[in-house]
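Colleague: So the protein lines, in turn, are chains A and B.
Mapping to the UniProt record's numbering: the first sequence position 31 is 31, numbers consecutive.
Mapping to the UniProt record's numbering: the second sequence position 108 is 108, numbers consecutive.
Even for Gly, the Cβ is constructed at its ideal location relative to N, Cα and C.
Protein chains: 2
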Amino acid sequence: MAREPGVRREAILDSAATLFASKGVAATTVRQIADDVGILSGSLYHHFDSKESMVDEIVSSFLKDLQHRYAQVLAQETDARRRLHDLVVASLKVVEEHPHATEIYQNDVNYLLQFDRFGYLRNAGRQVQNAWLTVIEAGIAEGTFRADVDPKILYRLMRDAVWLSVRWFKPSADHPISSLAEDCTSLFVDGLTNRAKN
Amino acid sequence: MAREPGVRREAILDSAATLFASKGVAATTVRQIADDVGILSGSLYHHFDSKESMVDEIVSSFLKDLQHRYAQVLAQETDARRRLHDLVVASLKVVEEHPHATEIYQNDVNYLLQFDRFGYLRNAGRQVQNAWLTVIEAGIAEGTFRADVDPKILYRLMRDAVWLSVRWFKPSADHPISSLAEDCTSLFVDGLTNRAKN
DNA sequence: GTCTATAATGAGATAGAC
DNA sequence: GTCTATCTCATTATAGAC
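#1: Output the distance between the C-alpha atoms of Arg117 of chain B and Asn130 of chain A, rounded to the nearest integer angstrom.
#2: Tell me the DSSP secondary structure of Thr28 of chain B in three-state form.
#3: Quick check: is the beta carbon of Trp168 of chain B nearer than 9 angstroms to any beta carbon in chain A?
#4: Candidates A:Leu40, A:Ser43 and A:Val94: which alpha carbon is nearest Ser178 of chain A's?
#5: Please list, in chain order, the chain A residues whose beta carbon lies closer than 7 angstroms to that of Ser22 of chain B.
#6: Give the secondary structure of Phe145 of chain B by DSSP, where H, G and I count as helix, E and B as strand, and everything else as coil.
#7: What does Arg156 of chain B reach in chain A if we use C-beta pairs closer than 9 angstroms?
#8: So, for Thr185 of chain A: in the same chain, excluding its five sequence neighbours on each side, which residues have a beta-carbon less than 7 angstroms away from its beta-carbon?
#9: Using three-state DSSP, classify Thr18 of chain A as helix, strand or coil.
#10: Could you check how far apart the C-beta atoms of Tyr105 of chain B and Lys23 of chain A are, in whole angstroms? I think they sit under 8 angstroms.
#11: Within its chain, find whatever has a CB closer than 7 angstroms to the CB of Met1 of chain B; leave out the 5 residues flanking it on each side and keep chain order.
#12: Could you check where the alpha helix (DSSP H) with Asn110 of chain B kicks off and where it finishes?
#13: Quick one: Cα of Glu97 of chain B to Cα of Trp163 of chain B, how far?
#14: DSSP three-state label for Thr185 of chain A, please.
#15: Tell me which same chain residues have a C-beta within less than 7 angstroms of the C-beta of Thr144 of chain A, skipping the five on either side of it?
#16: With Glu4 of chain B as the anchor, note down where its alpha helix (DSSP H) starts and where it stops.
#17: List, in chain order, every chain B residue whose beta-carbon is nearer than 9 angstroms to that of residue 200 of chain A.
#18: To the nearest angstrom, how far is the alpha carbon of Leu187 of chain B from that of Ala196 of chain B?
#19: Is the CB of Leu87 of chain A under 9 angstroms away from at least one CB in chain B?
#20: Report the neighbours of Thr18 of chain B on chain A: residues whose CB is nearer than 8 angstroms to its CB, in chain order.
#21: Could you tell me if Arg159 of chain B is buried or exposed, where buried requires 16 or more neighbouring beta carbons within 10 angstroms of its beta carbon?
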């Protein structure tokens, strides 16, 4: 059997991400992380420079995945409703793939932005906004979406609804993310109004 | 001029709330609060038992206001769309009145729930959910709202969209909260779809 | 009601043996 | 790669003078 470099490293990131997500980065101590892994806190520093380096790696890989998926959606040339749905699906898949990182980002961006090394989070946020605005504005231009509400406001309402689902939605066989994605798109696009023909 | 007891106390709570909201409760030190007020950290303890007592007072008054406003909405006997809109308005007024407390609650509930003294936050969350579910389910029963999406999912999507607006919405003469409230209700109820007669 | 001074603790991080 | 041991510093909180 080949040795597996970085397995312990991954285990540390896993424990760290779980703790960061559940109590916040600032409130999580390196000792708690080490305890969870089953080593002593000093040993963490063989793998990582600092607590912030752990956060950085967790959040970076989340954002990398996110950017990749959003780029794929934007590359498609389809109707607005379809692309909006694809953005929702892409977001929810990232949530599924990086639930802890998502929660860390949602809860602790402001805290992290205090550190210079996390300045890149500002750009990331801007890119996400651009992706949604592109789709929303295309939809308005093609006449599919209404033009009487500011696209930025629409974006922010949808963004928070979609991303914050990380706090409560646990995918299951009964309710996969595809089902939540349908509900989201359907709610945003069609609204709550009952349009059943009777 | 009469002396004004509690003025300094209020100033401390103001500084604390601002700092808690912007960097998180755990990452805010009593020294930073004292600095902001213009006194030394030891002097804070003449007014408060602990840092957590400050958070407690900030969050409690927020929740008290919230419960009061929601109760008023639920006491009305009107149609579902109207009551849903009233819940949105009530929420946004609480956001306007307690922006820092709202942000603290949104970002740090998980952290606070670690402390026994904040156990009451669980109940508060449940009460809020009940208020929204009551209105949504009444709307489905009366045929106004569609029945094909789980009310709990609708609630959570709307809740996060509405409450998280505290992070980005700054009321102005041009865009008062009534305007955001209209946009929210209109988006949720009518959807993004362009229904203009042409 | 605020200050000075400090106690008590726990934090992130390091050095070097194993 | 982990442990032992420890450093250094910041943290919450207190005691008592003013």
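Modeller: Based on what the coordinates show:
#1: 42 angstroms
#2: coil
#3: yes
#4: A:Val94
#5: Asn110
#6: strand
#7: Ala161, Leu164, Ser165, Arg167, Trp168 and Phe169
#8: Leu84, His85 and Val88
#9: helix
#10: The pair is not a contact, with the Cβ atoms about 16 angstroms apart (cut-off 8 angstroms).
#11: Confidence at Met1 of chain B is low in this model, with a pLDDT of 46, below 50, so the placement of that residue is unreliable and no value is reported for it.
#12: Pro99 to Leu112
#13: 13 angstroms
#14: helix
#15: Asp79, Ala80 and Arg81
#16: Segment: none, Glu4 of chain B is in no alpha helix (DSSP H) and carries neither H nor E.
#17: There is no way to answer for residue 200 of chain A, as the model of chain A reaches only from 1 to 198.
#18: 15 angstroms
#19: no
#20: Correct list: empty, because the minimum Cβ distance to chain A is about 12 angstroms.
#21: buried
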